[in-house]
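Notes follow the structure.
Chains as they are written, first to last, in our numbering: chain A, 964 to 1292; chain B, 964 to 1292.
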């Protein structure tokens, strides 16, 4: 279940977010009825629209020119959606947000193409802003996302990873698009350059925290809240911050370390063993420590957002930051 | 074997095409040594660089500002490469241009991501031109490519297709990017609007002819010239113009029609049966008739290119058109 978000920021921004959704639905109207329905379903499933929200808020404190902001926000959300579609193909995920993924109903060929099609549509939206800087940020964000995912793939199944490796990975995978969204919003709003930079930092730190929380939730929560089984990252050999922090507490030769290693390397693919490791991580301080690391990012994000002079907007940026940290799904 | 192209246009344009290749190699320098080598290999395999050539030539008759033209040309070639990478994943092709594809050495997951990475890099190049119109054309070309490929996928294994279906498909799959390349070149060259439109038509008609010739070659030539077995399209259930023209000559209830149908629908996946159908198509007038259709597109392309006042450039545009029609690989 997706928990109802706090009223204030969403209540205030809902009409503008609705315009983003309308824009997305226009894009989803493709010529192939079957495909069109599928694309609409993905777009409507849509989660919390946090990236569009960040983009709109970053512009809100300045020249709040809603039309190009909505266009860019729809582009960012669609880029995110396209990347999820390919990601699910890669993971062969059967569920996302508790719903069947495209992979479970279409051939992976069709899913690759649909993902590409969504990338194309998102690029058309970015281009429609008419701002070459915005398009440049958009394209770089996509490159960063791919970099993060390639990094994750080439570092999978290995426990010998540094915190820096992890941070680079989640920057690419998640924070880059939050950073880009905030930067685009500020640029379209014609914010002064140092505000653009500060809002980019806000987005980046927010995104880092968001992904760390995601990685904690993957271990802490189960199918009911996430719509996917717990320990999914471990099952795929993806080593996240909580797992790293847990591993660091284990003596090198211990049975616990050996068990963790066998799960991460994929030597042991037994579900019971995975459940044991998940339970051991939950029993350790690793989840709390990871949340503390996320909280540090959120503090930095808020510090960066302090540059925004409009009280209302600044308060909402803070609220989104708190929301990212406090969510349980 | 790739046949040596006629000297003149390539001799004249080689230095500029070399700059495009340099630009492409810079982009291929990724952070992961293994990936970097693979990307460099794909980029260097590179074929004839016809799309960059068309883009450069479209600008050449006007304000030939080489730097943005080279940037856009590299972007177009990389977009094409990215789309080939995903296409090979979808077709599970083992060979392209006689070389092993990425699929034969990497997991399909890694290949999807590498394709996405190349899309991102191509979009960065398009954005680097700093021209929102160019970026818009770029993004639309990608959407058209996906549309063409989705159309191909959803129309596979069916003989009941109209010539219009086929044309829409090859426009998306191939002609859209040639059209976009010519249009971008003309825009960057600051050609007058009606020249931009004429050069776009040139690119579009050239691309249509190029794909029809490709479809003929798939049936006419074998592994030696193409680096892939003959009748590959039929094997995948893709009905191309020569197959349509051949089918139109067969009486509805005939054994030949039934055999063709069983191969196209995928009911009969026997290699000998496929070879029989390929031989029957070769023995018919279908290949010649398809080439005649391509020749009509080439005539129209040349007519459109007549608008170019610079003699040298116009001659080269004509030469490229003749080259597309006359090639045998």
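We put the CB at the ideal spot given by N, CA and C, even for glycine.
Only a predicted model underlies this, so the values are computations on that prediction, with no experimental measurement involved.
- For the stretch 1098-1119 of chain A, the set of residues with a beta-carbon nearer than 9 Å to any beta-carbon of chain B comprises 1098, 1099, 1100, 1101, 1102, 1103, 1104, 1105, 1106, 1107, 1108, 1109, 1110, 1112, 1113, 1114, 1116, 1117, in chain order.
- Annotation note: the stretch 1013-1092 of chain B contains the following uninterrupted alpha helix (DSSP H) runs of length 4 or greater, listed N- to C-terminal: 1013-1023, 1029-1054, 1071-1091.
- With a threshold of 8 Å between beta carbons, residue 1158 (chain B) makes no contact with chain A.
- With a threshold of 16 other beta carbon atoms within 10 Å, residue 1110 (chain A) meets it and is buried.
- The C-beta distance from residue 1170 (chain B) to residue 1197 (chain B) rounds to 22 Å, too long to meet the 8 Å contact threshold.
- When C-alpha distances from residue 1289 (chain B) are compared across B:1243, B:1179, B:1202, B:1272, the shortest belongs to B:1179.
- Inclusion of residue 1144 (chain B) and residue 1159 (chain B) in the CB contact set at 8 Å is not warranted, their separation being larger than that value.
- The beta carbon of residue 1144 (chain A) sits no closer than 8 Å to any beta carbon of chain B.
- Note on geometry: alpha-carbon atoms of residue 1161 (chain A) and residue 1279 (chain A) lie some 16 Å from one another.
- In this structure, residue 980 (chain B) sits near residue 1015 (chain B), with a CB-CB distance shorter than 8 Å.
- Apart from the 5 residues on each side of it in sequence, residue 1114 (chain B) sits with its Cβ closer than 7 Å to the Cβ of 1131, 1132, 1135 in its chain, given in chain order.
- Using a Cβ distance threshold of 8 Å, residue 1018 (chain A) and residue 990 (chain A) do not count as a contacting pair.
- Residue 1082 (chain B) belongs to the set of residues whose beta carbon lies under 8 Å from a beta carbon in chain A.
- For residue 1232 (chain B), the number of other beta carbons within 10 angstroms of its own is below 16, and it is reported as exposed.
- Below 8 Å, too few C-beta pairs join the stretch 1205-1222 of chain B and the stretch 1257-1269 of chain B to call them touching: fewer than three.
- For residue 1026 (chain B), the CB contacts under 6 Å within the same chain, skipping 5 residues up- and downstream, are 1152, 1153 in chain order.
- With fewer than 16 neighbouring CB atoms inside 10 Å of its own CB, residue 1127 (chain A) falls in the exposed class.
- In this structure, residue 1172 (chain B) and residue 1181 (chain B) do not form a Cβ contact; the two beta carbons are roughly 15 Å apart against a cut-off of 8 Å.
- Identification of chain B residues near residue 1175 (chain A) by a Cβ-Cβ cut-off of 9 Å yields none; the smallest Cβ-Cβ distance measures about 22 Å.
- With a cutoff of 8 Å on beta-carbon distance, residue 1223 (chain B) and residue 1241 (chain B) are scored as not near each other.
- In the pairwise beta carbon analysis, the stretch 1079-1087 of chain B is classified as touching the stretch 1102-1109 of chain A: at least three pairs are separated by under 8 Å.
- Judged by their CB atoms, residue 1265 (chain B) and residue 1287 (chain B) are not nearer to each other than the 8 Å cut-off.
- Separation of residue 1205 (chain A) and residue 1247 (chain A) (C-alpha to C-alpha, rounded to the nearest whole angstrom) is 10 Å.
- DSSP, read as helix, strand or coil, puts residue 1213 (chain A) in coil.
- Only residues of its own chain outside the window of five on either side were considered, and among them none has a CB closer than 6 Å to the CB of residue 977 (chain A).
- Under the 8 Å criterion on CB atoms, residue 1095 (chain A) is classed as interfacial with respect to chain B.
- Ranked by how close their Cα comes to the Cα of residue 1271 (chain A), the residues A:1101, A:971, A:1157 have A:1157 in first place.
- The straight-line gap separating the alpha-carbon atoms of residue 1236 (chain A) and residue 1129 (chain A) is approximately 24 Å.
- Annotation: residue 1290 (chain B) is outside any alpha helix (DSSP H) and is labelled neither H nor E by DSSP.
- Neighbours of residue 1075 (chain B) across chain A, judged by C-beta separation under 7 Å: 1049, 1052, 1053, 1075.
- When B:1021, B:1047, B:1072 are compared, the shortest CA-CA separation from residue 1048 (chain A) is found for B:1072.
- Going by DSSP, residue 1228 (chain B) is part of the alpha helix (DSSP H) stretching over 1218-1228.
- Using a CB distance cut-off of 8 Å, residue 1079 (chain A) counts as an interface residue toward chain B.
- Here the C-alpha atom of residue 984 (chain B) lies approximately 26 Å from the C-alpha atom of residue 1168 (chain B).
- At a cut-off of 8 Å between beta-carbon atoms, residue 1195 (chain A) makes no contact with chain B.
- For residue 1086 (chain B), the chain A residues whose C-beta falls within less than 7 Å of its own C-beta are 1086, 1102, 1105, listed in chain order.
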